[in-house]
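Peer 1:
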Amino acid sequence: MEENPSKSNRRSAAAQKRIDASSGLPRDLYSSFRTGTTKSRNGCRVCKIRRIKCDETHPHCTRCTSTGRKCEGYGEAPKRNGSKSPKSPSKGASKVALLPRSGSPTTYTPSVGVQGSDEQRRSFHYFRSRNMSDMPGNFEPYFWDHIVLQLSHRYPTILQSLTALSAIYEQHERLSEQLNVSHALQQYNTAVNALLEYIASDQQDPRVALASCLIFVWIEFLQDNLNSGFQHLDSGLKVLRDLRLSYSQRIQDRDPEDVLGSLDRSFTRLRIQAAVHGSQSDFTTSSTRELEVLEPVPPSFISVFESRNILDKELNAIFGYIRRLQEVGYYSSVNIRAFTTIQAAHLERLSQWQTATRSLVADLESRQDRSQTSGILYLQLYYTLVNIIWKTMFAGSEMAFDAYTADFETMITICSSLIDDPRSPTVPILSFDMGIIPPLFHLCLKCRVLKLRRRAIALLKQAPEREGMWHRDNIIEYCEWKISIEEGWRGEVEQHEPLPEFARMYAEHVPERGDCIDGRPLMMKFKRGPAGLDIEDLIEVPWGSEMMRHMGNML
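Going letter by letter, the sequence shown gives residues 1 to 555 in the UniProt record's numbering.
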């Protein structure tokens, strides 16, 4: 059978990208450096240190004097036989070049022998040896395993961010309060100041600011400072927006080894997290226009990476739009006819995505390639989740979720397979990306089949302690409490029968200023059936408002 030309062309393009990346660094890093041309080595000392082109004016170069700097002169030009006099490293960073200077770059493996204190070196080694693949999930390993390390050797803000992140991560992993948390916070503050100094300089690379922001977000989330994390996330999204307006062709989101593309995808996934979990900022919302400008879904995918890239854009648009609707009072002022049109268009795109992904699965199975199995399962999990949420937006009754019992069973099966995957013998303590917690949380909230809820709870107990903004133990505690309350309202109805509508709790939320006052218990507002009546009630909950905030706006 003749191969589909579009599929063949995409494979050829992907193969060419792999060839271009064989040097060990993505092509979008090449643009920051001169390669393959003869370079002048007669510049002044200051311009060489600053790595900028010197105008070579004697006795003092104009490039220095025009900016108020003191030109240190020229000295003896270095020899061209490859030997160079040693340079003093800048404070807090090793002078390891990000790229070779020859026209034919060679593969560069970052050294873990960074400069700094014993604590810095130990933290960096811990990060390098333990955390690279766990944090970002299965979809950006090249960025975390290679690019971030390379950047850390050149930019102090990246190095200090990584050492701070590693120290905090280690504290969580070892469940110990004995580690030096003050060291982590000191490194974090130093990293923030270093980034501010870098941004204020006349040489800026947006990749440095974006990588720093990405690490800052994770540090804040680990400390439960969600609002501070959202601020860093908002800053990163603004940088990416400005880049798209200025030179969007540099963001190659289809190339897994493009630095800006990887950063763009990482921030997109964080935006999805913020929209699903809840944020006070409007960066999580999507306009109708954003829902209309998405690229076409191809008939097939060449890799799980391409499949996720398309699905992420759908999730970003859909959850952002849902977030906007939630801000107008639980959809009270929505034009249902307009929404139905948007809903149908995106359900069609999701169906096209599923068809293309099935084609990819068939292709992988024909080649007996199981290396991407867990990635595909992950995507199928979120495809199932978003379908349920999107289709039930204006269902009008909690009874509507009974029609999706088969989909909830699919989610249980997928999560079981992900947990039991022999290629992942250990579950990470912390995960930067969303994993099984949000889908299983939604199942416990909306599926009223008791045996499925209990299976979901059992799977949640095997999940990472943290997935992005979600605390596993808080989620489990809330789900067990809600199931107990609803089952208590079942009355004389048998467990194998559908839970009565009057027993179904939804739209739970803690009112503003809902903290416990004068020892009084926290009261939570909620609604329950029957359809159309929207009976609102109050119920006492056994936790403080902080835990309720951890639930986000999935309730």
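Note that beta-carbon positions come from the ideal geometry of N, C-alpha and C, so glycine has one too. Computed from a prediction, not measured in an experiment: that's the story for all the values here.
Going by the CB atoms, is the gap between Phe-267 and Leu-311 shorter than 8 Å?
Peer 2: Position 311 of the sequence shown, counted from the start, is the residue given in the question as residue 311. Position 267 of the sequence shown, counted from the start, is the residue given in the question as residue 267. No, the pair does not count as a contact, with Cβ atoms beyond the cut-off.
Peer 1: Does the segment 402-422 come close enough to the segment 342-362 that 3 or more CB-CB pairs lie under 8 Å?
Peer 2: No, because fewer than three Cβ pairs between the segment 342-362 and the segment 402-422 fall closer than 8 Å, the two stretches do not touch.
Peer 1: If I measure Cβ to Cβ from Val-386 and keep anything under 8 Å in the same chain, skipping five residues before and after, which residues do I get?
Peer 2: For this step, residue 386 is matched to residue 386 along the sequence shown. So the qualifying residues of the chain are Glu-314, Leu-315, Ile-318, Phe-319, Leu-350.
Peer 1: For Tyr-506, which three-state DSSP category applies?
Peer 2: Walking along the sequence shown from the start, residue 506 turns up at place 506. Strand at Tyr-506.
Peer 1: Confirm, please, whether the CB-CB distance from Ala-191 to Thr-157 is below 8 Å.
Peer 2: Taking the sequence shown and counting its residues from 1, the one referred to as residue 157 is at position 157. Taking the sequence shown and counting its residues from 1, the one referred to as residue 191 is at position 191. In this structure, Ala-191 lies closer than 8 Å to Thr-157 by Cβ.
Peer 1: Using a Cβ-Cβ cut-off of 6 Å (strictly less than) and excluding sequence neighbours within five positions of Glu-216, which residues of its own chain qualify?
Peer 2: Looking up residue 216 in the sequence shown gives position 216. The sequence shown places Phe at residue 216, not Glu. The answer, listed in chain order, is His-232.
Peer 1: With DSSP run on the structure shown, which of helix, strand or coil describes Phe-432?
Peer 2: For this step, residue 432 is matched to residue 432 along the sequence shown. If DSSP states are grouped into helix, strand and coil, Phe-432 belongs with coil.
Peer 1: What is the DSSP secondary structure of Met-551, counted as helix, strand or coil?
Peer 2: Mapped onto the sequence shown, residue 551 falls at position 551. It is helical.
Peer 1: Kindly indicate the opening and closing residues of the alpha helix (DSSP H) around Val-148.
Peer 2: Looking up residue 148 in the sequence shown gives position 148. 148-154 is the extent of the alpha helix (DSSP H) around Val-148.
Peer 1: Distance, Cα to Cα, Arg-122 vs Thr-163?
Peer 2: Within the sequence shown, the letter at position 122 stands for residue 122. Within the sequence shown, the letter at position 163 stands for residue 163. Whole-angstrom Cα-Cα distance: 8 Å.
Peer 1: Can you name the residues that DSSP bridges to Leu-538?
Peer 2: Locating residue 538 in the sequence shown gives position 538, where the first residue counts as 1. Lys-525, per the DSSP bridge assignment.
Peer 1: Got a sec? Which residues, its chain only, sit under 8 Å from Gly-43 by beta carbon, not counting five neighbours each side?
Peer 2: Along the sequence shown, one-based indexing puts residue 43 at 43. Counting only Cβ-Cβ distances below 8 Å, and skipping sequence neighbours, we find Lys-53, Cys-54, Glu-56, Cys-61, Tyr-74.
Peer 1: With distance defined between alpha-carbon atoms, name the residue in Ile-389, Arg-454, Asp-369 nearest to Leu-347.
Peer 2: Numbered from 1 along the sequence shown, position 347 holds the residue referred to as residue 347. Nearest option by C-alpha distance: Ile-389.
Peer 1: Restricting to runs no shorter than 4 residues, where is the alpha helix (DSSP H) found entirely within the segment 330-410?
Peer 2: Those alpha helix (DSSP H) runs which fall completely within the segment 330-410 and span 4+ residues are 336-366, 373-391.
Peer 1: What did DSSP end up calling Glu-467 once you bin it into helix, strand or coil?
Peer 2: Stepping through the sequence shown from its first residue, residue 467 is reached at position 467. DSSP places Glu-467 in strand when its eight states are reduced to three.
Peer 1: Can you give the beta carbon distance from Met-505 to Lys-525, rounded, assuming they're within the 8 Å contact cut?
Peer 2: In the sequence shown, counting from the first residue as 1, residue 505 sits at position 505. In the sequence shown, counting from the first residue as 1, residue 525 sits at position 525. Not quite, the Cβ-Cβ distance comes to about 11 Å (not below 8 Å), so this is no contact.
Peer 1: Rounded to the nearest angstrom, how far is the Cβ of Phe-401 from that of Ile-336, given a contact under 8 Å?
Peer 2: Position 401 of the sequence shown, counted from the first residue, corresponds to residue 401. Position 336 of the sequence shown, counted from the first residue, corresponds to residue 336. 20 Å between Cβ atoms; not a contact.
Peer 1: How far does the alpha helix (DSSP H) with Glu-314 in it extend, from its first residue to its last?
Peer 2: Sequence index remark: in the sequence shown, residue 314 carries index 314 (1-based). Here the alpha helix (DSSP H) through Glu-314 covers 304-326.
Peer 1: Assuming Leu-195 and Ala-209 form a contact by the criterion Cβ under 8 Å, report the distance between their Cβ atoms to the nearest whole angstrom.
Peer 2: Counting from one through the sequence shown, the residue named residue 195 turns up at place 195. Counting from one through the sequence shown, the residue named residue 209 turns up at place 209. Yes, they are in contact, since the Cβ atoms of Leu-195 and Ala-209 sit about 7 Å apart, within 8 Å.
Peer 1: Rounded to the nearest angstrom, what separates Val-259 and Lys-446 at their Cα positions?
Peer 2: Position 259 of the sequence shown, counting from 1, holds the residue named residue 259. Position 446 of the sequence shown, counting from 1, holds the residue named residue 446. So the alpha carbons of these two residues sit roughly 39 Å apart.
Peer 1: Check this for me: beta carbons of Met-554 and Leu-538, under 8 Å apart or not?
Peer 2: Within the sequence shown, numbered from 1, the residue matching residue 554 stands at position 554. Within the sequence shown, numbered from 1, the residue matching residue 538 stands at position 538. Not a contact, by the Cβ cut-off of 8 Å.
Peer 1: Got a sec? Which residues, its chain only, sit under 6 Å from Pro-500 by beta carbon, not counting five neighbours each side?
Peer 2: Sequence index remark: in the sequence shown, residue 500 carries index 500 (1-based). Result list for Pro-500: Val-493, in chain order.
Peer 1: Starting from the C-beta of Leu-222, find all residues in its chain whose C-beta is less than 6 Å away, skip the five residues before and the five after it, and write them out in chain order.
Peer 2: As a working note, residue 222 is residue 222 in the sequence shown. Hits under 6 Å: Ile-168.
Peer 1: Step through the CB atoms of chain B and report whether any lies within less than 8 Å of the CB of Tyr-198.
Peer 2: Any reference to chain B falls outside this structure, which holds one protein chain only.
Peer 1: Please report the distance separating the alpha-carbon of Ile-376 from that of Leu-185.
Peer 2: Translated into the one-based positions of the sequence shown, residue 376 becomes position 376. Translated into the one-based positions of the sequence shown, residue 185 becomes position 185. The alpha-carbon atoms of Ile-376 and Leu-185 are separated by roughly 37 Å.
Peer 1: How many Å lie between residue 556 and Leu-430 at the Cα?
Peer 2: Not covered by the structure: residue 556. The range shown for the chain is 1 to 555.
Peer 1: Give me the residue from Arg-271, Leu-452, Arg-308 with the minimum Cα distance to Tyr-382.
Peer 2: For the purposes of this step, residue 382 is taken as residue 382 along the sequence shown, with counting starting at 1. Looking at the Cα atoms, Arg-308 is the closest of the given residues.
Peer 1: So what does DSSP say about Leu-226, is it helix, strand or coil?
Peer 2: The residue given as residue 226 occupies position 226 in the sequence shown. Of the three classes helix, strand and coil, the one that applies to Leu-226 here is helix, per DSSP.
Peer 1: Excluding sequence positions up to five away, which residues of its chain have a Cβ less than 8 Å from the Cβ of Trp-470?
Peer 2: Counted from its first residue, the sequence shown places residue 470 at position 470. Closer than 8 Å at Cβ, skipping near neighbours: His-277, Met-434, Ile-437, Pro-438, Phe-441, His-550, Gly-552.
Peer 1: Three-state secondary structure (DSSP) at Tyr-142?
Peer 2: Taking the first residue of the sequence shown as position 1, residue 142 is located at position 142. It is helical.
Peer 1: Applying the criterion that 16 or more other CB atoms from any shown protein chain within 10 Å of the CB defines a buried residue, is Arg-454 buried or exposed?
Peer 2: Taking the sequence shown and counting its residues from 1, one reaches residue 454 at position 454. Classification for Arg-454: exposed.
Peer 1: Can you name, in chain order, every residue of its own chain whose Cβ lies under 8 Å from the Cβ of Gln-249, other than the five neighbours on each side?
Peer 2: Sequence index remark: in the sequence shown, residue 249 carries index 249 (1-based). For Gln-249, the pLDDT reaches just 47, beneath the cut-off of 50, and the residue's location in the model is therefore unreliable, although a value from the coordinates is still provided. Here the set comprises nothing.
Peer 1: Taking the alpha-carbon positions, what's the Glu-540 to Leu-460 distance?
Peer 2: The residue given as residue 540 occupies position 540 in the sequence shown. The residue given as residue 460 occupies position 460 in the sequence shown. C-alpha separation (whole angstroms): 25 Å.
Peer 1: Along the alpha helix (DSSP H) that carries Asn-42, what are the first and last residues, could you check?
Peer 2: For the purposes of this step, residue 42 is taken as residue 42 along the sequence shown, with counting starting at 1. Here Asn-42 belongs to no alpha helix (DSSP H), and DSSP marks it neither H nor E.
Peer 1: Excluding five sequence neighbours on each side, which residues of the same chain lie with their C-beta closer than 7 Å to the C-beta of Gln-380?
Peer 2: Here residue 380 corresponds to residue number 380 of the sequence shown, with the count starting at 1. So the qualifying residues of the chain are Ile-414.
Peer 1: Quick one, are the C-beta atoms of Ser-212 and Ser-152 less than 8 Å apart?
Peer 2: The residue given as residue 212 occupies position 212 in the sequence shown. The residue given as residue 152 occupies position 152 in the sequence shown. No; because the gap between Cβ atoms is not below 8 Å, this pair is not in contact.
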